[in-house]
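As structure tokens, the structure follows; a few thoughts come after it.
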Amino acid sequence: MERRSRRILRPAVVLAPVLALSLAACGGDSEGASVDGIELVSDGQLTTCTHLPYEPFQFREGEEIVGFDVDLVDLVAEDLGVEQAIVDTPFDTIQSGADLDTGKCDVAAAGMTINDVREENIDFADPYFDASQALLVAADSDIEGEADLAGLRVAVQTGTTGQEWARENLPDSELVTFEDLALLTAYVQNGEVDAGINDNGVLYDFAGDNPDVAVVAEFDTGEQYGVAVRTGNDALRERINEVLAAAREDGRYDEIYEKWFGTAPAGDDAAEGEDAEDTEADDTEADAEEGAADEESESSESAEDSEN
Amino acid sequence: MSKRQRAKVIRGVQYAILIAAVLLIIVAADWGQIQRAFFNMDVAANLFPTVITVALGNTIFYTVLGFALGLGLGLVLALMRLSSVAPYRWISGIYIEFFRGLPAMLVFLAVGVGIPYAFDTRLDRNVQIMVALGLVGAAYIAETIRAGIQAVPKGQIEAARSLGMSPTRTMITVIIPQAFRIVLPPLTNELILLTKDSSLAFFLGSTLAQQELAQFGREALNTNQSMTPVLVVGVCYLIITIPLSFVSRALEKRFGKGVARKQAKASATRSGGQ
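Taken in sequence, the protein lines are chains R and S. FYI, numbering that gives the first Met the number 0 numbers position 127 of the first sequence as 126, with every residue one higher than the one before it. FYI, numbering that gives the first Met the number 0 numbers position 36 of the second sequence as 35, with every residue one higher than the one before it.
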């Protein structure tokens with residue numbers, strides 16, 4: 000058996016490297032092309048990484064992915080003369096820079112807050128949206144704000160700034176981490192957790208569609224969303240900045256904003272949002288209870304004020 | 000109480016427990032809620048036909064890719080494990096322990112994120128899925144095939160060799176076919192496991208057209224705020240896996256009968272010859 004099996008093995012062992020080689024050969028095919036000196040990971044496409052769903056920033060509508068972020072990146076793609084292709088991937092690998100570094104996509108647009116930790120791994124273009132953290136609870140809940148959360152179960156989304164904020168500011172709460180925004184909201188709805196924390200834009204949108212929950216407070220964190228590119232990809236980053244600036248200038252930004260949030264942006268100044276904050280928290284409960292899915296309603300309007 | 004009476008009572012109690020448990024579940028469950036959450040027909044209708052044409056199709060495609068590589072690599076690893084060259088045995092052993100011991104999720108992350116970092120190359124997404132699923136599958140399949148090869152009676156090798164077959168030819172035409180027949184049930188098992196592991200393709204990112212069942216279901220769950228998509232997707236997995244079990248059982252039966260008949264025939268001729 001000994002001698003025999005050695006000879007038997009020869010063809011088999013030769014196979015292994017052949018297999019490995021053929022695999023490697025398959026790999027190198029999709030070499031990117033460049034447009035105006037900007038390298039793209041796949042020819043004729045601006046590939047965007049995001050994490051679905053994050054309504055109204057990106058979510059599925061029929062067979063398409065639509066949303067605020069999608070429309071903004073579309074402007075950039077249009078400017079480059081290419082089509083946008085969207086890839087759904089875990090938020091962890093977006094914000095850690097892994098997706099951009101490994102060439103899965105050219106830009107990341109995922110309702111992502113610009114912060115120092117992320118800046119180390121990815122490069123952000125100029126901010127395109129102002130956000131804060133908000134508190135979602137059942138409509139009949141007694142919770143009114145941060146002070147009521149001690150000892151309760153609070154849902155956060157993994158890898159988000161909301162999770163970070165909760166870790167720092169809610170030492171007495173039991174934090175329950177969820178992979179998706181919608182798992183988080185589902186658990187708030189079914190009462191498994193007492194409250195959920197996420198960005199105000201999406202939570203207002205959700206509360207507007209679901210009268211059994213309400214946004215009762217906002218925690219002003221002065222956050223701003225940014226589109227990200229791979230570290231050092233300045234050509235693309237600058238191009239995005241140019242497109243954003245031009246869009247703000249000629250009203251296309253306002254148009255897109257109104258399309259998804261129902262109102263015009265209150266102002267391009269981030270500081271304004273901070274001023275509006277105090278009054279906002281008080282109004283919110285009443286507003287959210289109106290359960291206004293209607294885009295022109297007061298509730299989305301007040302959500303707007305706080306965001307900007 | 001006689002022995003028979005006691006057995007009767009015990010059986011009666013067992014039935015009672017079973018019925019009580021079923022009744023308890025029926026009474027305790029909130030059926031209205033379950034229906035709202037899991038059987039929302041409006042939501043379900045919206046999932047079709049995409050859930051079949053795209054999600055189910057991709058799941059099958061990814062599984063077939065992974066299984067093909069897993070089977071090839073697994074066979075090589077099994078032969079290495081049985082090699083008389085010690086380093087081959089070590090490599091194979093380490094490989095199997097490594098990939099059998101790691102959660103498949105980590106392997107997917109390593110392939111999706113690790114390979115591009117390490118080799119500065121971008122594999123096509125389908126190749127990534129094939130590699131990740133194949134690497135995991137190969138570790139299990141290798142052990143299965145090795146067991147199968149070892150289970151082939153030694154007399155088969157001796158007989159083939161004495162007929163003048165080369166060792167390679169013996170392995171390919173005599174041993175491996177018999178080994179595969181023996182390991183058919185555990186191989187089916189592995190195929191079913193890979194079907195479910197293909198859900199981890201999520202870690203490699205996907206466009207809408209590349210979504211497989213689990214990701215499709217999760218996204219639909221999140222968008223519709225209903226558990227119905229999860230149920231639909233679950234049924235889709237069963238559509239794949241249950242027929243697989245049937246096919247495997249049918250094949251087993253057929254091969255099994257074939258073997259029995261051949262063996263009977265062989266022994267008959269042998270005795271007749273004597």
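For glycine and all other residues, C-beta sits at the position ideal for the given N, C-alpha and C.
(Q) Using beta carbons (cut-off 9 Å, strictly below), is S:E218 in contact with chain R? (A) Counting from 1 along the second sequence, the entry for residue 218 of chain S is found at position 219. Judged by the 9 Å Cβ criterion, S:E218 is in contact with chain R.
Q: My understanding is that R:A130 touches R:G200, with C-beta atoms under 8 Å, so please give their C-beta distance in whole angstroms.
A: As a position in the first sequence, residue 130 of chain R is number 131, starting the count at 1. As a position in the first sequence, residue 200 of chain R is number 201, starting the count at 1. That belief holds up - the Cβ atoms of R:A130 and R:G200 are roughly 6 Å apart, short of 8 Å.
Q. For R:A130, which of helix, strand or coil comes out of DSSP?
A. Working through the first sequence from its first residue, we reach residue 130 of chain R at position 131. Strand, per DSSP.
Q: List the residues of chain S whose Cβ lies closer than 8 Å to the Cβ of R:E62, in chain order.
A: Residue numbering aside, residue 62 of chain R sits at position 63 when the first sequence is read from its first letter. Neighbourhood of R:E62 in chain S, by CB distance below 8 Å: T49, L207, in chain order.
Q | R:L151 in three-state terms, based on DSSP | A | As a working note, residue 151 of chain R is residue 152 in the first sequence. DSSP places R:L151 outside both helix and strand once states are collapsed to three, so it counts as coil.
**Q.** Contacts that R:F58 makes with chain S (C-beta to C-beta distance below 7 Å)
**A.** Position 59 of the first sequence, counting from 1, holds the residue named residue 58 of chain R. Those within 7 Å of R:F58 in chain S are T222.
Q. Which partner residues of R:I313 appear in the DSSP bridge assignment?
A. Only positions 0 to 307 of chain R appear in the structure, and residue 313 of chain R is not among them; the question remains open.
Q: Using the Cα positions of R:A149 and R:L74, report the straight-line distance between them to the nearest angstrom.
A: Taking the first sequence and counting its residues from 1, one reaches residue 149 of chain R at position 150. Taking the first sequence and counting its residues from 1, one reaches residue 74 of chain R at position 75. C-alpha separation (whole angstroms): 45 Å.
Q. Can you tell which of S:T227, S:L186, S:G204, S:S225 has its C-alpha closest to the C-alpha of S:L250?
A. Here residue 250 of chain S refers to the residue found at position 251 of the second sequence. The shortest Cα separation from S:L250 among S:T227, S:L186, S:G204, S:S225 belongs to S:L186.
Q | Range of the contiguous alpha helix (DSSP H) that encloses R:G200 | A | Against the first sequence, residue 200 of chain R aligns to sequence position 201. Counted as a single uninterrupted DSSP element, the alpha helix (DSSP H) harbouring R:G200 occupies residues 199-208.
Q: Would you list the one or two residues that DSSP bridges to R:F218?
A: Position 219 of the first sequence, counted from the first residue, corresponds to residue 218 of chain R. R:F218 pairs with R:Q132.
Q | Inter-residue spacing [alpha-carbon to alpha-carbon] between R:E295 and S:F38 | A | As a position in the first sequence, residue 295 of chain R is number 296, starting the count at 1. As a position in the second sequence, residue 38 of chain S is number 39, starting the count at 1. Interpretation of R:E295 is limited by its pLDDT of 39, a score under 50 that renders its predicted location unreliable; no figure is taken from the coordinates.
Q: Alpha carbon to alpha carbon, how far is R:R152 from R:E167? Give it in angstroms, no decimals.
A: Against the first sequence, residue 167 of chain R aligns to sequence position 168. Against the first sequence, residue 152 of chain R aligns to sequence position 153. The alpha-carbon atoms of R:E167 and R:R152 are separated by roughly 15 Å.
**Q.** Sequence-distant residues of the same chain with beta carbon closer than 6 Å to S:A159, five excluded per side
**A.** Here the question's residue 159 of chain S lines up with position 160 in the second sequence. Within the same chain, T169, V173 come within 6 Å of S:A159 by CB-CB distance, once the 5 residues on both sides are set aside.
Q | CB contact flag (S:Y139, S:G69, <9 Å) | A | What you label residue 139 of chain S is simply residue 140 of the second sequence in a count that begins at 1. What you label residue 69 of chain S is simply residue 70 of the second sequence in a count that begins at 1. Between S:Y139 and S:G69, the C-beta gap is smaller than 9 Å, which places the two residues in contact.
(Q) Run through chain R and tell me which residues come within less than 9 Å of S:G154, C-beta to C-beta. (A) Numbered from its first residue, the second sequence carries residue 154 of chain S at position 155. Per Cβ cutoff of 9 Å: no residues; S:G154 is ~13 Å from chain R at best.
Q: Measure how close the beta-carbons of S:A141 and S:L193 come, nearest whole angstrom, since I'm counting them as under 8 Å.
A: Along the second sequence, read from residue 1 onward, the residue named residue 141 of chain S stands at position 142. Along the second sequence, read from residue 1 onward, the residue named residue 193 of chain S stands at position 194. Contact between S:A141 and S:L193 fails: their C-beta atoms lie close to 14 Å from each other, not under 8 Å.
Q | S:E251 in three-state terms, based on DSSP | A | For the purposes of this step, residue 251 of chain S is identified with residue 252 of the second sequence, where counting begins at 1. DSSP places S:E251 in helix when its eight states are reduced to three.
Q) Does the beta carbon of S:Q210 come closer than 9 Å to any beta carbon on chain R? A) Counting from 1 along the second sequence, the entry for residue 210 of chain S is found at position 211. Chain R has a Cβ within less than 9 Å of the Cβ of S:Q210.
Q: Report yes if the C-beta distance between R:D198 and R:E222 is below 9 Å; otherwise report no.
A: Position 199 of the first sequence, counted from the first residue, corresponds to residue 198 of chain R. Position 223 of the first sequence, counted from the first residue, corresponds to residue 222 of chain R. Inclusion of R:D198 and R:E222 in the CB contact set at 9 Å is warranted, their separation being smaller than that value.
Q.
By the three-class DSSP mapping on this structure, what secondary structure does S:L212 have?
A. Counted from its first residue, the second sequence places residue 212 of chain S at position 213. In this structure, S:L212 counts as helix in the three-state DSSP scheme.
Q: Please report the Cβ distance between R:Q83 and R:L45, rounded to the nearest whole angstrom; I am assuming they are in contact, meaning their Cβ atoms lie under 8 Å.
A: Residue numbering aside, residue 83 of chain R sits at position 84 when the first sequence is read from its first letter. Residue numbering aside, residue 45 of chain R sits at position 46 when the first sequence is read from its first letter. R:Q83 to R:L45, Cβ: 5 Å. Contact.
Q. Any idea what DSSP makes of S:C235, helix, strand or coil?
A. As a working note, residue 235 of chain S is residue 236 in the second sequence. Helix at S:C235.
Q. If you draw a straight line from the alpha carbon of S:G11 to that of S:A28, how long is it in whole angstroms?
A. The count along the second sequence starts at 1 and reaches residue 11 of chain S at position 12. The count along the second sequence starts at 1 and reaches residue 28 of chain S at position 29. In this structure, the alpha-carbon of S:G11 lies about 26 Å from that of S:A28.
Q. Per DSSP, R:Q57 is paired with what?
A. Counting from 1 along the first sequence, the entry for residue 57 of chain R is found at position 58. Note: R:Q57 sits in a beta bridge opposite R:Y53.
Q.
Relative to the C-alpha of S:D196, which candidate in S:A103, S:V112, S:L183, S:N188 has its C-alpha closest?
A. Within the second sequence, the letter at position 197 stands for residue 196 of chain S. When S:A103, S:V112, S:L183, S:N188 are compared, the shortest CA-CA separation from S:D196 is found for S:A103.
Q: Put S:Q34 into one of helix, strand or coil per three-state DSSP.
A: As a first step, residue 34 of chain S is located in the second sequence; it is residue number 35 there, counting from the start. If DSSP states are grouped into helix, strand and coil, S:Q34 belongs with the helices.
Q: Give a yes or no on contact between the region 235-242 of chain R and the region 120-129 of chain R, applying the rule of three or more CB pairs nearer than 8 Å.
A: Yes, they touch.
Q. Closest Cβ-Cβ distance between R:Q188 and chain S: below 9 Å?
A. Within the first sequence, residue 188 of chain R is the residue found at index 189, counting from 1. For R:Q188, the nearest beta carbon of chain S is closer than 9 Å to its own beta carbon.
Q: Using 10 angstroms around the beta-carbon of S:Q4, count the other beta-carbons present and answer buried if the total reaches 16, otherwise exposed.
A: The count along the second sequence starts at 1 and reaches residue 4 of chain S at position 5. S:Q4 comes out exposed.
Q: Closer than 6 Å by C-beta to S:Q13: which residues in its own chain qualify, once you throw out the five before and the five after it? Chain order, please.
A: Translated into positions along the second sequence, residue 13 of chain S becomes position 14. Excluding sequence neighbours, S:Q13 sits near nothing in its chain.
Q: Assign S:L22 to buried or exposed, taking buried as 16 or more other Cβ atoms, counted over all protein chains shown, within 10 Å of its Cβ.
A: As a working note, residue 22 of chain S is residue 23 in the second sequence. Within a 10 Å sphere around the beta-carbon of S:L22 sit fewer than 16 other beta-carbons, which makes this residue exposed.
Q) Can you give the beta carbon distance from R:E143 to R:V65, rounded, assuming they're within the 8 Å contact cut? A) As a first step, residue 143 of chain R must be located in the first sequence, where it is residue number 144. As a first step, residue 65 of chain R must be located in the first sequence, where it is residue number 66. Contact doesn't hold; Cβ gap of about 34 Å is too wide.
Q: Go ahead and label S:W30 buried or exposed: buried means 16 or more other beta carbons lie within 10 angstroms of its beta carbon, across all protein chains shown.
A: Translated into positions along the second sequence, residue 30 of chain S becomes position 31. Exposed.
Q | R:P52: contacting residues in chain S (beta-carbon distance under 8 Å) | A | For the purposes of this step, residue 52 of chain R is taken as the residue at position 53 of the first sequence. Under the 8 Å cutoff, chain S gives E218, N221, T222.
Q: Keeping to the same chain, check which residues put their C-beta closer than 6 Å to that of R:E173; ignore five residues upstream and five downstream.
A: Here residue 173 of chain R is taken as the residue at index 174 of the first sequence, counted from 1. The residues are R152.
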